[in-house]
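Working notes for the structure below.
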Amino acid sequence: MERQKRVLAIHDISCFGRCSLTVALPIISAAGIECTVIPTAVLSTHTGGFTGFTFRDLTEDIMPIVEHWKTLDIGYDALYTGYLGSFEQIDIVSSIFDTYKTKDLITLVDPVMADNGKLYGAFGPDFPKGMKRLASKADAVVPNITEACFMLGKEYKEGPYTEQYIKDLLLSLADMGPDKVILTGVNYNEKELGAATYDKKADEFGFYAKKRIKGYYHGTGDVFGSALLSAMMKGKNLIDSAAVAVDFTVESIIRTYKAKTDIRFGVNFEEGLQKLAKVLK
Ligand code: PXL
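-19 is the number of the first residue of the sequence shown in the numbering used here; add one for each residue after it.
If you want it as structure tokens, here you go:
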């Protein structure tokens, strides 16, 4: 039997609203992978569309957690980072990458900071530079098109896209450092939406899309990233992993759309977990 894999997920915990750790933990666990966490902050809700949320920064706790673990001989198969609140947290996470670096470690960076052509309100205009540094060090990056453009200093365009525009973004992201690039929110016509991939070692491009569902749903990047990493760790190649993640995310959005849930409340991924577990068995 193959040894059980172990991930370290470094994200905030937004107590309500289904994103970051409340999404990463159940999805990665459902895939049969151990999911260890470092919570970088505790918020009552995520910051997308809510007002008056609480926010407790846990930056000071991060290194003591890692120092304690150094006494326990713990190793990781993957490190997965998402929303990070400051340059200081980016630097700390970068040093954690160094701490756990082994030949087989996968580091996946989701440079959560922007969407629809705009930086999230909490971030200043220099923040993409910090995220670019971390993303350059990762084995795999999973930006949306806005985040890709901010990191690369390229002009953001709305879809549908040309294949040349997407290919250029994928190659430029790979040039920063990562071997595997997964670009989300890609479409070549009005009817579809999906992910485009580039695997540098295999020199292979991929694209997988489903019918587009109207509206913007919160936390879908974290649902996608968690399913993507799970599939990669279960040995699927990059494009097949992206396809698993697109299917899982789109099915979660469809359930949520049908239930007419407040879009701030995140998507119903929970009812897809059993299927995901089967697909990744
Ligand atoms: O889903 C990404 C995310 C994670 N954590 C917090 C957020 C967001 C997106 O807005 O606000 C706190």
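Cβ atoms here follow ideal geometry from the backbone N, Cα and C, with glycine treated the same way.
With 16 other Cβ atoms within 10 Å as the buried cut-off, status of residue i
i        : result
Gly246   : buried
Ile18    : buried
Asn248   : buried
Glu(-18) : exposed
Gly252   : buried
Glu127   : buried
Ile54    : exposed
Tyr197   : buried
Terminal residues of the alpha helix (DSSP H) in which residue i lies
i      : result
Leu253 : Leu253 to Val259
Ala222 : Leu218 to Ala239
Ala154 : Glu143 to Met156
Glu14  : Run containing Glu14: none in the alpha helix (DSSP H); it sits in the beta strand (DSSP E), Glu14 to Thr25.
Phe30  : Taken as a continuous stretch (DSSP letters only), Phe30 belongs to no alpha helix (DSSP H), as it is neither H nor E.
Cys268 : The requested residue 268 does not occur in the structure, where the chain is confined to residues -19 to 261.
Gly199 : Looking at the DSSP string, Gly199 is not in any alpha helix (DSSP H), and its letter there is neither H nor E.
Phe107 : Phe107 to Lys117
Contacting residues, own chain, Cβ-Cβ under 7 Å from residue i (five flanking each side not counted)
i      : result
Lys181 : Asp159
Ala222 : Ile162, Ala175, Thr177, Gly186, Tyr188 and Leu208
Lys137 : Tyr145
Asn96  : Thr126
Val345 : The structure shown does not extend to residue 345, since the chain is modelled only from -19 to 261, so the question has no answer here.
Top-ranked residue by Cα proximity to residue i, from the options
i        : options                              : result
Lys81    : Ala225, Val(-13) and Asp179          : Val(-13)
Val224   : Leu99, Gly205 and Thr236             : Gly205
Phe107   : Lys50, Leu173, Gln69 and Ile146      : Gln69
Glu250   : Ser232, Lys137, Ile243 and Leu260    : Ser232
Ile45    : Ile(-10), Met213, Ser116 and Gly(-3) : Ile(-10)
Arg113   : Gly104, Gly157 and Leu85             : Gly157
Thr236   : Thr200, Gln(-16) and Met111          : Thr200
Tyr141   : Ala115, Pro123 and Glu172            : Glu172
Ser(-6)  : Asp41, Val259 and Gly65              : Gly65
Thr31    : Asp90, Asp155, Arg244 and Pro91      : Arg244
Val89    : Asp37, Lys194 and Ala154             : Ala154
Gly110   : Met131, Arg192 and Leu151            : Met131
Val226   : Arg192, Thr61, Ser74 and Lys261      : Arg192
Gln(-16) : Glu135, Ile8, Glu40 and Thr27        : Ile8
Glu135   : Leu38, Ile76, Lys98 and Glu184       : Lys98
Tyr168   : Ile13, Lys147, Asp78 and Asp183      : Lys147
Ile76    : Ile42, Thr16, Ser210 and Phe33       : Ile42
Gly215   : Val92, Phe67 and Ile13               : Ile13
Contacting residues, own chain, Cβ-Cβ under 6 Å from residue i (five flanking each side not counted)
i       : result
Glu56   : The question names Glu, but residue 56 is Tyr in the sequence shown. The residues are Arg(-14), Leu(-12) and Tyr80.
Leu218  : Lys160, Thr177 and Asp179
Phe(-4) : Thr25
Gly28   : His198
In DSSP terms, what residue i is bridged to
i      : result
Ser206 : In DSSP, Ser206 forms no bridge with anything.
Gly174 : Val166 and Ala189
Lys50  : DSSP, once it has assigned bridges, lists no residue as partnering Lys50.
Val73  : Val73 pairs with nothing; no bridge assigned.
Thr61  : Ile(-10) and Val89
Asn124 : Thr164
Ala94  : Leu99
Asp179 : Lys160 and Glu184
Closer than 9 Å to chain D by CB, residue i
i      : result
Leu150 : Protein chain content of the structure displayed is limited to a single chain, and chain D is not contained in it.
Where the beta strand (DSSP E) through residue i begins and ends
i       : result
Arg36   : Phe35 to Asp37
Phe(-4) : Arg(-14) to Phe(-4)
Cβ-based neighbour list, residue i, same chain, cut-off 8 Å, excluding 5 preceding and 5 following
i      : result
Val3   : Gly199, Asp202, Val203, Ser206, Gly246 and Phe249
Asp119 : Leu85, Ile86, Thr87, Leu88, Pro158, Asp159 and Lys160
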